[in-house]
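These notes concern the structure reproduced below.
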Amino acid sequence: MAAESMLLHSSYSSTKPRCYLSSPQSCWTESRTTNLRFERKVVFGKQVKWESLGLTSRREVSKKERGGVVRCTAEGIERRMLIPGEATVRVPERFKVVALMACAMCLCNADRVVMSVAVVPLADKLGWSSSFLGIVQKGKKRMVMVVAGETIWWWLRNCGTSSFLWGYIFSSVIGGASVDKYGGKRVMAWGVALWSLATLLTPWAANHSTFALLAIRAFFGLAEGVALPSMSTILSRWFSGHERASAVGFSMAGFHLGNVVGLILTPIMLSTIGIAAPFILFSSLGLLWLSSWVYKVSSDPRESPFITKSELTSIQAGKTDPPTTTAEFPPIGLLLSKLPTWAIIFANVTNNWGYFVLLSWMPVYFKTVFNVNLKQAAWFSAVPWGTMAVSGYIAGAISDSLVKAGYSITCVRKIMQSIGFIGPGVSLLCLNFAKSPEMAAVFITAALSLSSFSQAGFLLNMQDIAPQYAGFLHGIANSAGTLAAIISTIGTGYFVQWLGSFQAFLSLTACLYFITTIFWNLFATGERVF
């Protein structure tokens, strides 16, 4: 269907033209001048054609033309009005991009949760025992003994975590470098396609053999490792400096809500349809998302056939450095020779360490400290996801407002990251004094919610200091953070045994938050380094 608009031009005249609207069903223009030119803009797909309508002082617009845009120009004054009718509000293309990105991040996390929930009935069906669990995660065997057989189901929920993380850690660097070279659109598309395929094949692999299951989980981790570098790079291209934090906050809100979606839908489908149902659903949603992403999104707004000139100008006006892609291999030695790089790496390590400790071990904490049933503790540990989504977006909005107010990028990044680390550190120290499971849940929720302020800190800082190599830098930092996640997930049991209590380990984690905050404020910068 053709989209049409009317343009009315007038040369210099002593009398200004006037535009009149008679009703929503018809419209015309009147002018006392005679040197007028009418043109109609007709758009078929990507082709634009201008049709001359000749010189006239009055013309009634047909039904097809209702709802178009009329522009009257005279004596250097330009006015625009929208004629009532069948007009629709045009959504900026960058909003569509960030909405699709948020959906992809939601699927990214939901697909992880599907396995963590479905592995319980899979264990019952296939007869997995704690010996299998000991092979997969030997570091947790002692803690299983501490809380006895009631915790077996929790460990089975995490039986694929290690294999997923080992796949994830290797793809982050390769995926980040690929994003810098080929653009985020293509890399993200391949990532979603492959992790959706891995999700679909998971029930088959579980029925086939343990090795097949762990291989599929590692492949799933490989595919998902490209998600964060792709997200960071694409949003840096599509959003100006004073909007980027909000865009990242919105996308990461989708990531956090993916856990909620997975936790709600997966048990329902498992109990009503069967074990394979949630895997089929989420893999199908991934392929559906892919069909929109491939045809409607480009890696750079300058390559988009749908973006308006005014929106493109607005995006480019808010950038200090033009976005670039490079075919050269990133200079690893140069990147690692600068302290701002290490500030980002240490921040990612600390963030993942605390995040995975809280995520993986809090149900055991509730059981050992408060003797709370693990199913009830699971509800406690699921509550923070919704608040993380909200607080992460609020952090982005605050960051953008500070940038608009004139604060330097360096100052804003340091403020946001300090909140993202000092807040969780204080919350963990307060957790040691909690006298009830309800109070402990409040402190855990506060710790995870405040940690989402890091999204407006180190997560954005990679594009600040190295826009040309941001994907690769993100991959390096993400790999280091993933290694910290593996160590914290597997080694927490040993740390608790060594230190003597959960409280001592939480205090150690809080100290890690505070030390990294000091390092960040000393060496981080918002200025371009590479």
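Heads up, the sequence shown is in my numbering, so the first residue is 78 and it goes up one at a time.
Glycine residues also receive a C-beta, built at the ideal position from the N, C-alpha and C atoms.
Taking its Cβ as the centre, do 16 or more other Cβ atoms sit within 10 Å of N448, making it buried, or is it exposed? exposed
If you follow the alpha helix (DSSP H) that Q580 is part of, which residue opens it and which one closes it? 579-600
Sequence-distant residues of its chain with Cβ nearer than 6 angstroms to I311 (five each side left out): G261
Is the CB-CB distance between S584 and L527 below 8 angstroms? no
Please list the terminal residues of the continuous alpha helix (DSSP H) segment that includes V503. 486-508
For A474, collect the residues of the same chain with a Cβ closer than 8 angstroms to its Cβ; drop the 5 residues on either side in sequence, then sort them by chain order. A322, S323, G326
Burial state of G331 (16 or more Cβ within 10 Å): buried
Beta-carbon separation of V606 and K396 under 8 angstroms? no
Taking the alpha-carbon positions, what's the V175 to W575 distance? 45 angstroms
Between the alpha carbons of A353 and I492, how many angstroms are there, rounded? 45 angstroms
Using three-state DSSP, classify G473 as helix, strand or coil. helix
Measuring alpha carbon to alpha carbon, tell me which residue in M516, A523, P417 is nearest E604. P417
Please classify T385: does DSSP put it in a helix, a strand, or coil? coil
So is Y590 buried or exposed if we call it buried at 16+ other beta carbons inside 10 Å? buried
For S323, the first and last residue of its enclosing alpha helix (DSSP H): 321-349
Taking the beta carbon of R379 as the centre, do at least 16 other beta carbons fall within 10 Å, making it buried, or is it exposed? exposed
In or out: Q540 buried (at least 16 other Cβ within 10 Å) or exposed? buried
Looking at F443: is its Cβ nearer than 8 angstroms to the Cβ of P514? yes
Whole angstroms is fine: what's the gap from T287's alpha carbon to L278's? 13 angstroms
Which residues in the same chain as T594 place their Cβ atom closer than 7 angstroms to its Cβ, once the five residues preceding and following it in sequence are excluded? S495, F498, I499
Taking the beta carbon of G570 as the centre, do at least 16 other beta carbons fall within 10 Å, making it buried, or is it exposed? buried
Taking only three categories from DSSP, how would you classify N448? coil
Over the uninterrupted alpha helix (DSSP H) stretch that includes K415, give me the two end residues. First-last for K415: undefined, no H or E at that position.
Using only alpha-carbon positions, find the residue among P306, W272, S391, I542 that is nearest to I357. W272
Spatial neighbours of A270 in its chain, beta-carbon cut-off 7 angstroms, leaving aside the 5 residues before and after: L367
For V338, collect the residues of the same chain with a Cβ closer than 6 angstroms to its Cβ; drop the 5 residues on either side in sequence, then sort them by chain order. A187
Range covered by the alpha helix (DSSP H) that runs through Y53: Since the first residue shown for the chain is 78 and the last is 607, residue 53 is missing from the structure and cannot be characterised.
Counting pairs of beta carbons, one from the stretch 247-260 and one from the stretch 343-353, are three or more of them closer than 8 angstroms? no
What residue does the alpha helix (DSSP H) around D38 start on, and which one ends it? Missing from the structure shown is residue 38; the chain here goes from 78 to 607 and no further.
Give me the Cα-Cα distance between M512 and P501, rounded to the nearest whole angstrom. It is Lys, not Met, that sits at residue 512 in the sequence shown. One C-alpha to the other measures close to 19 angstroms.
Does the distance between the C-beta of I486 and the nearest non-hydrogen atom of the ligand HEM fall short of 7 angstroms? As far as ligands go, the structure on display features none, and thus does not contain the ligand HEM.
Measure the C-alpha to C-alpha separation of L274 and L184 and round it to an integer number of angstroms. 13 angstroms
DSSP three-state assignment for Y546, whether helix, strand or coil: coil
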